[in-house]
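>
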Amino acid sequence: MISKEEVLHIAKLARLELADREVEKMQKDLSAILDYFDLLKKAPKPAKSEVAGDLSATRKDEILLKNPSVAQKIIAAAPDKKDDYIKVKAIF
Amino acid sequence: MDLTELTIKQAHEGLKNGEFTSVDLTKAYLEKIKQSDLNAFLSVTEDLALEMAEIADEKIKSGNFGLLCGIPCAIKDSIMVADEKCTAASKILENYSAPYDATVISKLKEAGAVILGKTNTDEFTMGSSTENSAFGVTKNPHDKTRVPGGSSGGSAAAVAGNLACYALGSDTGGSIRQPASLCGVVGLCPTYGAVSRYGLIAHASSLDQIGPIAKNVEDSKTVFEAICGRDNMDATSVDYKFEEEKTGLKGLKIGVPKEYFAEGLEPEVEKIIRNEIQKAEIAGAEIVEISLPSSQYALACYYIIGPAEISANLARFDGIKYGLSEPGNDLLDVYLKSKGHGFGAEVKRRIMIGTYVLSSGYYDAYYKKAQEVRQLIRQDFAAAFEKVDLIFCPVSPFPAFKIGEKADDPISMYLADIYTIPMKLAGLPGISVPVGKIGNLPVGLQIIGNHFQENKILSVAGLVESKE
Chain A
0 MISKEEVLHI AKLARLELAD REVEKMQKDL SAILDYFDLL KKAPKPAKSE
50 VAGDLSATRK DEILLKNPSV AQKIIAAAPD KKDDYIKVKA IF
Chain B
0 MDLTELTIKQ AHEGLKNGEF TSVDLTKAYL EKIKQSDLNA FLSVTEDLAL
50 EMAEIADEKI KSGNFGLLCG IPCAIKDSIM VADEKCTAAS KILENYSAPY
100 DATVISKLKE AGAVILGKTN TDEFTMGSST ENSAFGVTKN PHDKTRVPGG
150 SSGGSAAAVA GNLACYALGS DTGGSIRQPA SLCGVVGLCP TYGAVSRYGL
200 IAHASSLDQI GPIAKNVEDS KTVFEAICGR DNMDATSVDY KFEEEKTGLK
250 GLKIGVPKEY FAEGLEPEVE KIIRNEIQKA EIAGAEIVEI SLPSSQYALA
300 CYYIIGPAEI SANLARFDGI KYGLSEPGND LLDVYLKSKG HGFGAEVKRR
350 IMIGTYVLSS GYYDAYYKKA QEVRQLIRQD FAAAFEKVDL IFCPVSPFPA
400 FKIGEKADDP ISMYLADIYT IPMKLAGLPG ISVPVGKIGN LPVGLQIIGN
450 HFQENKILSV AGLVESKE
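Sequence order for the protein chains is A and B. Numbering-wise (numbering that gives the first Met the number 0), the first sequence opens with residue 0 and increments by one. Numbering-wise (numbering that gives the first Met the number 0), the second sequence opens with residue 0 and increments by one.
(1) Just verifying my parser: in three-state terms, what is the DSSP assignment at S61/B?
(2) Within a Cβ cutoff of 8 Å, which residues of the same chain sit near A81/B, ignoring the five residues on either side of it in sequence?
(3) For K336/B, decide whether its Cβ has a neighbour in chain A, counting only Cβ atoms nearer than 8 Å.
(4) With a cut-off of 8 Å on the beta carbons, I'd call L389/B and I446/B a contact; round off their distance for me.
(5) Are there 16 or more other CB atoms within 10 angstroms of the CB of Q71/A, so buried, or fewer, so exposed?
(6) Whole angstroms is fine: what's the gap from S337/B's alpha carbon to G135/B's?
(7) Report the rounded CA-to-CA distance for E152/B versus N38/B, giving the unit in angstroms.
(8) Between which two residues does the alpha helix (DSSP H) harbouring V372/B extend?
(9) List the residues that DSSP assigns as beta-bridge partners of A89/A.
(10) Could you check the C-alpha separation between K84/B and A77/A for me, to the nearest Å?
(11) Mind listing the chain B neighbours of R58/A? Cutoff is C-beta to C-beta under 8 Å, in chain order.
(12) Helix, strand or coil for L298/B? Go by DSSP, reduced to three states.
(13) Find the nearest neighbour of L15/A within the set L313/B, G429/B, E288/B, judged by alpha-carbon distance.
(14) Near G183/B, which residues of its chain fall below 7 Å by C-beta distance, leaving aside the five closest residues on each side in sequence?
(15) Determine whether the Cβ of D416/B lies closer than 8 Å to any Cβ atom of chain A.
(16) When the Cα atoms are used, what is the spatial distance from D317/B to D83/A?
(17) Return the Cβ separation of V298/B and D379/B in integer angstroms, given the expectation that the two are a contact with Cβ distance under 8 Å.
(18) Give the DSSP-derived three-state secondary structure of R145/B in the structure shown.
(19) Hey, is P67/A's beta-carbon within less than 8 Å of any beta-carbon in chain B?
(20) Taking the runs of the beta strand (DSSP E) that are 3 residues or longer, which of them lie wholly in the stretch 135-220 of chain B?
(21) For my contact list, I350/B and A18/A are in at a C-beta cut-off of 8 Å; report their separation, rounded to the angstrom.
(22) Identify, in the order they occur along the chain, each residue of the same chain with its Cβ nearer than 6 Å to the Cβ of G490/B, setting aside the five sequence neighbours on each side.
(23) Three or more C-beta pairs closer than 8 Å, one from the stretch 122-134 of chain B and one from the stretch 142-150 of chain B: is that the case here?
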């Protein structure tokens, strides 16, 4: 079973606050799921290696014209803002 | 005549012949939605629907209008419709309003569609029953004590319960086909890249695809044709144009993967699927037993790659840009509390798995290994499609299950997608077509094709769908 400390460490990396009972349930669920993943150890290595994706799929780095109202709506959706700026809490 | 029972084609004929207007049709659906206790919709966009219906009626009067013009539909609540709420069934987006239309929505609007509302889903489309919705489970119209499947359970239940003529869903590991099977409607998961994902709230970006849920195969084809194609806003979409093809069963090579008829498949489901395969054989198809040996790893592979992508995609819900924001002492505190209070149990579980498999020391053992296994799965299917034209197999190992039956055991819930996940990892298209029932409960046949062979799948699906 994965330890409480390990769950808390992963939760911190994920920026996720977990209540005590959630930590306990997570220990149990994560352990069962990780055990299930052991199945993959049986899988052979692929014979030939593939290059993932078609690199030419990236679009040109250019500005696409959009309706300015979309920008206003996006700013309006921010929970904390001043004028056209989104406010962010101090890091320290 | 109950207007809500009509297919797209039938409703189109009625509109063309002036038997009723789009406003009549829209009002009939809105009334039915109001009376419904299925909890298929998270929001009903009544004003938008009536406005669109009036515009459609004007177009119809002009005589120049397509099949989808004036036809009311439902949209999964993970797909953005401008200025309407888009929650992805999550508390973190409970009050979020979409700033723009998804490309599929722009296309439907262009075609004159009428949008009735946004349908329930598992939170962020993660689940197989809609039980992970923050806003309550959707009930299966065939048995209200049972789930509709998921995650596009609201869309499937809406179509099956005549609350919409058709619907859009999204499929990451089975989320269109499995609920379509459990609700007895047709669900098409297109090839990865066939339909733009722009405006779809991301779950796992290397797998997500939008597709139609409809009453029959012909309607699915109509909707797919309207939404597919290259979009500049989605770099993974490809230049693809649907071309109708008439594929008969005579001489068609149908592969039946032996691994899909093993332990875990309910005998009554197996009987219905085998019967369908036999009917195809009688109609002249050649049945070929095939092997997809790496399928046994697909579920584990999916629950590594999916959560890894989830942990990255859902990092954006930080309480700063949009959505729920909990007050905190500093930035980290805002992140921790907003995510901690905003996400439900399954979403948290997957973020945790994803973060774990990508974390230092575990990356090679889990994430890298899963990518290698994904390659094996792709190679299995590639080898199979050298021998056969299409694959026939079950969609779900069991019909609709009871609400609550699997809710506390993540792995038993994950197993609901055991037959829909492998082909997703290979980016292939598949459809669920209703072919039988166990008591009241529908069972779907899954037809999988090679990349961009939706035309072949739809053509053959039209021949096998049960015509009740």
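Cβ coordinates follow ideal geometry from the N, Cα and C atoms, glycine included.
In short:
(1) helix
(2) Answer for A81/B: A97, P98, Y99, D100, I104, listed in chain order.
(3) So yes, K336/B belongs to the interface.
(4) 6 Å
(5) exposed
(6) 21 Å
(7) The identity of residue 152/B in the sequence shown is Gly, whereas the question assumes Glu. Using only the alpha carbons, I get a separation of about 10 Å.
(8) Per DSSP, V372/B belongs to the alpha helix (DSSP H) from 368-386.
(9) Per DSSP, none; premise fails for A89/A.
(10) Cα to Cα, K84/B sits roughly 15 Å from A77/A.
(11) N231, A234
(12) helix
(13) L313/B
(14) H141, A159, P433, P441
(15) no
(16) 19 Å
(17) Here the sequence assigns Leu to residue 298/B, which means Val is not the residue at that position. Not a contact, Cβ separation roughly 15 Å.
(18) In the three-state reduction of the DSSP assignment, R145/B falls in the strand class, which pools E and B.
(19) Cβ-Cβ to chain B under 8 Å: no for P67/A.
(20) 165-170, 185-188, 208-213
(21) The Cβ separation is near 15 Å, so there is no contact.
(22) The displayed coordinates of chain B run from 0 to 467. Any statement about residue 490/B would go beyond what the structure contains.
(23) yes
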